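Asks: Here the sequence shown is numbered in this note's numbering, starting from 6 and rising by one per residue.
From the three backbone atoms N, C-alpha and C, an ideal C-beta is built for every residue, glycine too.
Quick caveat: nothing in here was measured; it's all calculated off a predicted structure.
To start, I am sharing the structure in question, which I have written as structure tokens.
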Amino acid sequence: MAASFFPLPDTDWDATRAFWAGAERGELVIPRCGGCAVYQWYPAPACKACGGKQFSWTAVSGRGRLFSWAVVRHGFLKPFAKKVPYVTGLVTLEEAPAVRLVTNLVDCEADGLQVDMPVRVVFRPLVFPDTERQVMAPMFTPASEPVAGKERNARDV
Numbered sequence: 006m007a008a009s010f011f012p013l014p015d016t017d018w019d020a021t022r023a024f025w026a027g028a029e030r031g032e033l034v035i036p037r038c039g040g041c042a043v044y045q046w047y048p049a050p051a052c053k054a055c056g057g058k059q060f061s062w063t064a065v066s067g068r069g070r071l072f073s074w075a076v077v078r079h080g081f082l083k084p085f086a087k088k089v090p091y092v093t094g095l096v097t098l099e100e101a102p103a104v105r106l107v108t109n110l111v112d113c114e115a116d117g118l119q120v121d122m123p124v125r126v127v128f129r130p131l132v133f134p135d136t137e138r139q140v141m142a143p144m145f146t147p148a149s150e151p152v153a154g155k156e157r158n159a160r161d162v
């Protein structure tokens, strides 16, 4: 099988290796500053809040709120042609409302989505018919219950 060009995430890149390793385990992990405890996404060399340079990858609950979304109806790259339509969105995390993750929304119809609705993380493989590998990725789906609580393992949400 000949692999097509498709830019799957680089799971070995130092800046995001822990994120992809967490996803493979079924955990959503986000960098948290050791100086001020602020969560930060996208990973950066220094904290945007305090300038600190020490971060720990911290498991979060996987609960959040839908900030915005769009329905993709045209696949600009050939591998996406068989995937459309699909829904992409911005999700804010319960523990870190200032963090917004760009993600796919799954197991839902776009007509049923609402701004600020509760969502929860699920892990699905990013794979395309003519690629030879897959990457587990956090995606979000509507939550059946309100966002609250302190659960830390995304598998338990």
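Spatial neighbours of Arg125 within its chain, please: C-beta separation below 7 Å, excluding the five flanking residues on both sides.
Replies: Gly67, Arg68, Phe145, Thr146, Ala148, Val162
Asks: Can you tell me where the beta strand (DSSP E) with Arg70 in it begins and where it stops?
Replies: 68-77
Asks: Can you give the beta carbon distance from Leu4 to Ser73, rounded, assuming they're within the 8 Å contact cut?
Replies: Because residue 4 is not part of the residues shown, which for the chain are 6 to 162, the question remains open.
Asks: Please list the segments of the beta strand (DSSP E) lying wholly inside the region 93-143, counting only runs of 3 or more residues, in order along the chain.
Replies: Correct list: 105-110, 123-131.
Asks: Determine the direct distance from the alpha carbon of Ala51 to that of Tyr91, and round the result to whole angstroms.
Replies: 34 Å
Asks: In the DSSP assignment, find the beta strand (DSSP E) that holds Ala51 and state where it starts and stops.
Replies: Ala51 -> no beta strand (DSSP E), and no H or E assigned at all.
Asks: Taking Ala26 as part of the alpha helix (DSSP H), name the residues at either end of that continuous run.
Replies: 22-30
Asks: Where do the ends of the beta strand (DSSP E) carrying Leu33 lie?
Replies: Unbroken beta strand (DSSP E) run through Leu33: 33-38.
Asks: Smallest Cα separation from Val76: which of Ala28, Ala101, Thr93?
Replies: Per the Cα distances, Thr93.
Asks: I'd like to check one pair, Cys38 with Phe24: are the Cβ atoms closer than 8 Å?
Replies: The Cβ atoms of Phe24 and Cys38 lie no closer than 8 Å to each other.
Asks: Suppose contacts are defined by Cβ-Cβ distances below 8 Å. Is Glu100 in contact with Tyr44 by that definition?
Replies: yes
Asks: Hey, Val111 and Ala64: beta-carbon distance below 8 Å or not?
Replies: no
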